[in-house]
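According to our numbering, the sequence shown is numbered sequentially starting from 585.
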Amino acid sequence: MRVHLRRGASRHSAAFVSAQACQAEASKPSSFRSSPASEGPQLATKPASIPWSIAVPPEVYCEYCGVKLGDYHRDPQLMMDVQLEGPRLLHEKYGIPLGRGVSPDFSTYATGSTLGLQIDFLQDHAPSPKGHPIKSVDEAAALRAPEDIRQAGVIPQMLEYYEYMKAHAPDGVSVGFGLGGQAPLTTAVLLRGHDFFLDIYDAPEKVHRFMETLTENAIRERELGFEITGGKPGDSIGFTDDYGGLLPPDQYIEFDLRYMLEISDHFGATRRSSHTELLKRPHLVILQDNGWTYIDVGTDPYITVKDCVELLHIDWLVQLKTSDEMLLATPEQVQATYRQMVADGARQMLVELCPGIAEENIFAFIEVAKEYA
């Protein structure tokens, strides 16, 4: 049963607002799963099988291929080569399952680019937004979705790269076109910055007009993806929602959940999933009560495996923290963290790599993962 959507907001309900609001959203990596996710929480400390995955972002593939990220983004052939050679190298070195797919990769900032967000494609680092283009709540309320999404932001370049890859991909390699998965609230924060959270109190009706535009744009982007690839909406839909947890539950329902549900209803989806970063315990229950069947809380510092075991009867994932528990850890610490998460009730395990992680730590993760698989 869906919760009631209340319009307007009080300044005194800002208990969850955080200074982390404008932390840059990382580009979402590809992920390799060793086996299907299990159904329902497992409370035993020695489960029969724990599926595991390693997520690999473009910057890691570039690291292993010896390619600069800036060059990767500027050349469709080089982008395709890295997306094929990177997985092959990691498969040979670590035994990570080998994928055979490519797609235009312009980061998750591609969504905001259609509405004025400028992306800095750096030579040595992951893409970064060049500030927040919307300077006032009035400007936000006046924003309109582009009439022709194909001509907006980096979409023309994505389409050019897609056509190139379709024409030049080796036999047996699929070519995808991913767009529109970003939740409207995350797009709003990228466009408006931390002032977005003040706008909710000062001018909630104007914020709703802003959010309706972002929702319309997200729908158009998803529809373009289906048009390009010939795909059709299914009964499942997913969102990346890195900033929703900065809102208290009532505002989360009104300014975030509401618009994800609008998109879901537009496509007739009945199974919903999210990758998030900053949710608190109440947000998990809200999503579960509103038709979410899977929640990946990422490396959320506020949610533990025990929280998910206690609160959720749907599928969920808590990741190893890329920096603290992988990059800066020893192999022994990697394995100790893994074992503790399984003991706490983890149903599946995943770590996202980043540049600079020691090979010994990756081998340590895989070794302990295989013990439980």
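Beta carbons: idealized from backbone N, C-alpha and C, even for Gly.
Here the structure is a predicted model, which means the values were calculated and not measured.
Would valine 773 be called buried (16 or more neighbouring beta carbons within 10 Å of its own) or exposed?
For this step, residue 773 is matched to residue 189 along the sequence shown. It is buried - the Cβ of valine 773 has at least 16 other Cβ atoms within 10 Å.
Any idea what DSSP makes of glutamate 936, helix, strand or coil?
Taking the first residue of the sequence shown as position 1, residue 936 is located at position 352. Glutamate 936 falls in the strand class under three-state DSSP.
I'd like to check one pair, leucine 775 with histidine 859: are the Cβ atoms closer than 8 angstroms?
As a first step, residue 859 must be located in the sequence shown, where it is residue number 275. As a first step, residue 775 must be located in the sequence shown, where it is residue number 191. Their beta carbons are not under 8 angstroms apart, which means histidine 859 does not touch leucine 775 by this criterion.
Under 8 angstroms by Cβ, that's how I've got serine 712 and glycine 737 pegged, so tell me the actual separation to the nearest angstrom.
By 1-based counting over the sequence shown, the position of residue 712 is 128. By 1-based counting over the sequence shown, the position of residue 737 is 153. About 15 angstroms; that fails the 8 angstroms criterion.
Contact between the stretch 793–802 and the stretch 835–851 (3+ Cβ pairs under 8 angstroms):
Three or more beta-carbon pairs separated by less than 8 angstroms link the stretch 793–802 to the stretch 835–851, which places the two stretches in contact.
Delimiting residues of the alpha helix (DSSP H) encompassing serine 907
Within the sequence shown, the letter at position 323 stands for residue 907. Counting along the chain, no alpha helix (DSSP H) covers serine 907, and no H or E run does either.
What span of residues does the beta strand (DSSP E) with phenylalanine 823 cover, start to end?
For the purposes of this step, residue 823 is taken as residue 239 along the sequence shown, with counting starting at 1. 820–825 is the extent of the beta strand (DSSP E) around phenylalanine 823.
Can you tell me the Cα-Cα spacing of isoleucine 558 and leucine 782, whole angstroms?
Any answer about residue 558 is impossible in this case: the structure gives the chain only from 585 up to 957.
In this structure, what does DSSP give as the bridge partners for serine 857?
Position 273 of the sequence shown, counted from the start, is the residue given in the question as residue 857. Gly822 and Tyr878.
Could you please give me the residues that DSSP links to alanine 787 through a beta bridge?
For this step, residue 787 is matched to residue 203 along the sequence shown. Answer by DSSP bridge pairing: none, since alanine 787 is not bridged.
For the beta strand (DSSP E) that contains isoleucine 638, what are its first and last residues?
Here the question's residue 638 lines up with position 54 in the sequence shown. For isoleucine 638, the enclosing beta strand (DSSP E) starts and ends at 636–640.
I'd like the span of the beta strand (DSSP E) that includes leucine 863, first residue to last.
Numbered from 1 along the sequence shown, position 279 holds the residue referred to as residue 863. Segment: none, leucine 863 is in no beta strand (DSSP E) and carries neither H nor E.
Which residues DSSP lists as bridging leucine 871, in chain order:
The count along the sequence shown starts at 1 and reaches residue 871 at position 287. Beta-bridge pairing links leucine 871 to no other residue.
Where the alpha helix (DSSP H) containing leucine 901 begins and where it ends
Looking up residue 901 in the sequence shown gives position 317. Per DSSP, leucine 901 belongs to no alpha helix (DSSP H); it is in the beta strand (DSSP E), 899–901.
Please report the Cβ distance between tyrosine 745 and phenylalanine 947, rounded to the nearest whole angstrom; I am assuming they are in contact, meaning their Cβ atoms lie under 8 angstroms.
Translated into positions along the sequence shown, residue 745 becomes position 161. Translated into positions along the sequence shown, residue 947 becomes position 363. Not confirmed; about 34 angstroms, so no contact.
Would you kindly work out how many angstroms separate the C-alpha atoms of leucine 895 and aspartate 884, rounded to a whole number?
The residue given as residue 895 occupies position 311 in the sequence shown. The residue given as residue 884 occupies position 300 in the sequence shown. Distance between the alpha carbons of leucine 895 and aspartate 884 is about 16 angstroms.
Nearest-angstrom Cα separation, counted from histidine 778 out to glutamine 932:
To locate residue 932, count along the sequence shown from 1; it is residue 348. To locate residue 778, count along the sequence shown from 1; it is residue 194. Between glutamine 932 and histidine 778, the alpha-carbon positions lie close to 34 angstroms from each other.
For the candidate residues Ala751, Asp873 and Leu701, whose alpha-carbon lies nearest to that of isoleucine 718?
Counting from 1 along the sequence shown, the entry for residue 718 is found at position 134. For isoleucine 718, the closest alpha carbon among the candidates Ala751, Asp873 and Leu701 is that of Leu701.
Does the separation of the CB atoms of proline 814 and glycine 764 fall below 8 angstroms?
As a working note, residue 814 is residue 230 in the sequence shown. As a working note, residue 764 is residue 180 in the sequence shown. The residue asked about is misnamed: residue 814 is glycine in this sequence, not proline. No, the pair does not count as a contact, with Cβ atoms beyond the cut-off.
If you run the structure through DSSP and keep just helix, strand and coil, what is glutamine 707?
Indexing the sequence shown from 1 puts residue 707 at position 123. It is coil, neither helix nor strand.
Express the C-alpha separation of alanine 725 and glutamate 789 in angstroms, rounding to a whole number.
As a working note, residue 789 is residue 205 in the sequence shown. As a working note, residue 725 is residue 141 in the sequence shown. Whole-angstrom Cα-Cα distance: 9 angstroms.
Name the one or two DSSP bridge partners that glutamine 919 has.
Start at 1 with the first residue of the sequence shown, and residue 919 comes out as number 335. DSSP output for glutamine 919 lists no bridge partner at all.
Give the secondary structure of glutamine 702 by DSSP, where H, G and I count as helix, E and B as strand, and everything else as coil.
As a working note, residue 702 is residue 118 in the sequence shown. For glutamine 702, the three-state secondary structure derived from DSSP is coil.
Would you kindly report the start and end of the unbroken alpha helix (DSSP H) that includes tyrosine 843?
Taking the first residue of the sequence shown as 1, we reach residue 843 at position 259. Its alpha helix (DSSP H) spans residues 842–850.
Nearest by alpha-carbon distance to valine 881: which of Cys646, Glu800, Gly829 and Phe780 is it?
Start at 1 with the first residue of the sequence shown, and residue 881 comes out as number 297. Selection Cys646, Glu800, Gly829 and Phe780 evaluated against valine 881 yields Gly829 as nearest (Cα-Cα).
Looking at C-alpha atoms only, which residue of Pro939, Thr824, Asp659 and Gln917 is the closest neighbour of valine 952?
Your numbering for residue 952 matches position 368 in the sequence shown. The shortest CA-to-CA distance from valine 952 to any of Pro939, Thr824, Asp659 and Gln917 is the one to Gln917.
In this structure, how does DSSP classify valine 759 when only helix, strand and coil are distinguished?
For the purposes of this step, residue 759 is taken as the residue at position 175 of the sequence shown. Strand.
Is serine 697 helix, strand or coil by DSSP?
Locating residue 697 in the sequence shown gives position 113, where the first residue counts as 1. It is helical.
Are threonine 824 and threonine 906 close, meaning C-beta to C-beta below 8 angstroms?
Reading the sequence shown from its first residue, position 240 is the one you call residue 824. Reading the sequence shown from its first residue, position 322 is the one you call residue 906. In terms of Cβ geometry, threonine 824 and threonine 906 do not form a close pair [threshold 8 angstroms].
Check proline 713 in the structure and name its three-state DSSP category.
By 1-based counting over the sequence shown, the position of residue 713 is 129. In the three-state scheme derived from DSSP, where H, G and I count as helix and E and B as strand, proline 713 is classed as strand.
Measure the CB-CB distance between valine 721 and valine 791 and report whether it falls below 8 angstroms.
Here residue 721 refers to the residue found at position 137 when the sequence shown is read from its first residue. Here residue 791 refers to the residue found at position 207 when the sequence shown is read from its first residue. Taking 8 angstroms as the Cβ cut-off, valine 721 and valine 791 qualify as a contacting pair.
Would you tell me roughly how many angstroms separate the C-alpha atoms of glycine 654 and aspartate 708, rounded to the nearest one?
Counting from 1 along the sequence shown, the entry for residue 654 is found at position 70. Counting from 1 along the sequence shown, the entry for residue 708 is found at position 124. Straight-line Cα distance between these residues: approximately 7 angstroms.
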